[in-house]
Amino acid sequence: MILKRFTGTDAHRSEQFRLFFWGASLLVFFLAQVASVRAEGLTIEEAVGLALTRNERSEIAETNLAAAAARVKKARAFFFPDLTATAGYTRSGFDESGGGSRSNPDPGALSATITTNLSLFNARAFPLYRQAKLEYGAARLTTQEEKRLLAFEAADAFLRTLGVEQVQAAAERRLVFARRTVEDTRARFEAKLVSSNDLTRAELELANAERAATLARGDAELARLQLGFLIVAEIKGPLVAPEGLLNPPQAGEPERLVREAQGRRLDLAAGAERTKALQAFAEEPSRRIVPSLGLTGQFQEQTGSASDSRSQDWLVGLNLTWLLYDGGEWRADRAERNALVRGSALEVERTRRQVALEVRRALIDLENNRAATRQADVAARIGQKNAEEIALLYRQGLASALEVADANLRRFEAEVALVQARYGQGLSQLNLRLAVGVDPFGNEVQS
């Protein structure tokens with residue numbers, strides 16, 4: 007019986023194998039999940055999530071917020087002391103005064119000074135610090151609003167891409183039907199059952215169908231490019247239609263929605279914060295006439311080249327500064343900043359009225375598209391039925407190629423109208439949620 011010693015190296019290899027096994031298992035699981043997502047298609051939730059995590063606009067908004075936070079720190083630094091340290095070295099030469107020359111007994115000197123300044127009271131600092139904090143609050147709200155707008159832009163592009171692809175599908179169906187009609191008409195013409203004009207009319211419809219299909223394919227490719235640009239990803243698989251968004255429920259009362267929107271909209275709240283910040287900024291000029299009190303401390307040490315040449319000095323002092331007259335500058339600054347406050351307040355009020363207008367307009371647009379969808383659905387079913395009946399009559403010799411081409415065109419137009427109305431209804435629901443102040447899925451935005 008042979009026994010093999012189990013060394014530390016073997017244990018290390020066993021641990022490496024175990025880690026490799028679990029890593030490979032996780033990788034296979036992840037790839038399986040990715041493959042299933044690609045097979046199922048891209049959802050609107052995934053598209054919005056990709057836009058928020060990958061698009062540079064989200065990072066730009068965060069950098070603006072970081073800059074506002076830095077300005078708050080800068081304003082807070084006014085309440086802390088300044089500490090300055092200086093050092094110097096001097097070297098003296100010869101003194102040739104009085105017609106003679108003599109050497110300086112202490113030619114080299116080293117000095118060091120530490121100075122601290124602390125503002126004990128300055129009335130200007132308080133409104134400036136309050137302004138910085140209010141501007142940070144406005145920047146935080148603006149950052150959230152920028153991300154919300156980016157989410158809506160991605161959702162809007164997703165729906166528009168789906169709509170264009172549905173139009174492309176309708177154009178492809180028209181093209182297939184037109185080709186089948188040309189083949190059938192050519193066979194009937196060769197059998198002397200129809201005239202050459204019927205074949206010419208069928209070929210004309212085929213040419214128009216090919217043109218419409220080509221344009222629809224180009225529009226679909228452009229829409230996918232735009233969506234891919236927003237989510238910073240190449241779109242290869244299909245898009246999953248958001249049925250809940252395409253079939254929205256009935257909206258609430260307009261007045262209630264307007265009140266909720268005015269209390270929820272982040273851009274409106276950010277405007278109010280900016281107005282408060284300007285009010286704090288406008289208080290600063292009148293504080294300049296209030297005396298400021300400061301504390302100064304200094305310690306100085308000087309050492310010469312001689313062993314006993316050393317001196318130390320220190321001082322502590324209070325400084326009271328009072329600006330008696332500045333030529334009217336503070337009054338001009340106060341007037342200018344008060345004007346900015348009034349302008350900002352008016353802008354907030356205009357935005358408030360704009361929010362109400364956007365909500366009411368979105369409600370009207372949603373109801374119009376809802377009615378248009380019902381009507382377009384009826385027209386699409388009738389167009390489908392009419393095209394099938396005309397095709398049957400044509401095969402029986404009771405209809406002309408002109409009627410077949412016209413029925414095919416009418417069906418295509420009805421299908422396109424249904425797509426536009428249906429996806430227009432989804433876009434109207436997005437516009438309503440945008441106006442009300444929620445995210446594209448109807449959830450509250452954390453401010």
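The working numbering puts the first residue of the sequence shown at 7, with every later residue one more than the last. Where is the CB? At the ideal position from N, CA and C, for every residue including glycine.
task: At 4 residues or longer, and completely inside the stretch 198-247: list those alpha helix (DSSP H) runs for me, N to C.
output: 202-237
task: Note down, in chain order, each residue of its chain lying with its Cβ closer than 6 Å to the Cβ of A53, except the 5 sequence neighbours on either side.
output: Contacts found: A160, F164 and I237.
- prompt: If we count the other Cβ atoms within 10 Å of its Cβ and call it buried at 16 or more, is K153 buried or exposed?
  reply: buried
- prompt: Considering only the beta carbon of each residue, do V188 and L212 sit closer than 7 Å?
  reply: yes
field: Neighbourhood of R44 by C-beta, 7 Å cutoff - its chain only, sequence neighbours within 5 removed
entry: Unreliable placement is indicated for R44, whose pLDDT of 47 sits below 50; the coordinate value is still reported in the next sentence. Closer than 7 Å at the Cβ level, and outside the excluded window around R44, lie G243.
message: Residues in the same chain with beta-carbon distance under 7 Å from A276, minus the five sequence neighbours each way, listed in chain order, please.
response: A144, L147, T148 and E151
Cβ-based burial, T202 [other Cβ within 10 Å; buried from 16]: Reading the sequence as shown, one finds Ser at residue 202 and not Thr. S202 is exposed by the Cβ-count criterion.
task: Measure the alpha-carbon distance for L168 versus Q174 and round it to whole angstroms.
output: L168 and Q174 have their C-alpha atoms spaced approximately 10 Å apart.
message: Determine, for Q304, whether the minimum Cβ-Cβ distance to residues of chain B falls below 7 Å.
response: Although the question refers to chain B, the structure presented lacks it and comprises just one protein chain.
Spatial neighbours of A129 in its chain, beta-carbon cut-off 6 Å, leaving aside the 5 residues before and after: R293 and V296
- prompt: Taking the alpha carbon of G49 as the point to measure from, which residue in R387, L399, E249 and L301 has its own alpha carbon closest?
  reply: It is Thr, not Gly, that sits at residue 49 in the sequence shown. Sorting R387, L399, E249 and L301 by C-alpha distance to the C-alpha of T49 places E249 at the top.
query: Using the C-alpha atoms, what's the distance from L251 back to E216?
result: In a straight line, the C-alpha of E216 is about 32 Å away from that of L251.
- prompt: Are there 16 or more other CB atoms within 10 angstroms of the CB of A288, so buried, or fewer, so exposed?
  reply: buried
message: Within a Cβ cutoff of 7 Å, which residues of the same chain sit near L156, ignoring the five residues on either side of it in sequence?
response: If the five residues before and after L156 are omitted, its C-beta is found closer than 7 Å to the C-beta atoms of A57, L58, N61, R63 and S64, all from its own chain and listed in chain order.
Contacting residues, own chain, Cβ-Cβ under 8 Å from Q435 (five flanking each side not counted): L251, P254 and L372
field: Whole-angstrom distance between T121 and P87, CA atom to CA atom
entry: 10 Å
- prompt: Are three or more beta carbon pairs between the stretch 262-272 and the stretch 342-362 nearer than 8 Å?
  reply: yes
- prompt: Whose CA, out of A283, G349 and L299, lies closest to the CA of G323?
  reply: L299
Three or more C-beta pairs below 8 Å linking the stretch 78-87 and the stretch 134-141: yes
field: Pairwise C-alpha distance: A413 and Q431
entry: 27 Å
query: Once you ignore the five residues that flank A283 on each side, which residues in its own chain have a CB closer than 7 Å to its CB?
result: Q137, L140, E141 and A144
query: In its own chain, which residues sit with a C-beta less than 6 Å from the C-beta of N344, not counting the 5 before and 5 after it?
result: A288
message: I need the DSSP call for D319, collapsed to helix, strand or coil.
response: strand
- request: For L33, count neighbouring Cβ atoms within 10 angstroms of its own Cβ and tell me buried if that reaches 16, exposed if not.
  value: Low confidence applies to L33: its pLDDT is 44, below 50, so where it sits in the model is not reliable, and the reading given next is rough at best. Burial check for L33: the Cβ neighbour count within 10 Å stays below 16, so the residue is exposed.
- prompt: In three-state DSSP terms, what is G443?
  reply: Three-state DSSP puts G443 in coil, outside helix and strand.
message: Here's a check: name, in chain order, each residue in its chain whose Cβ is nearer than 7 Å to the Cβ of N123, leaving out the five neighbours to either side.
response: P87, D88, G300 and T302
message: Considering only their Cβ atoms, is the gap separating L321 from Q304 smaller than 7 Å?
response: yes
- prompt: Hey, how far is the Cα of L462 from the Cα of F132?
  reply: Lying outside 7 to 453, the shown extent of the chain, residue 462 is not represented and no answer is given.
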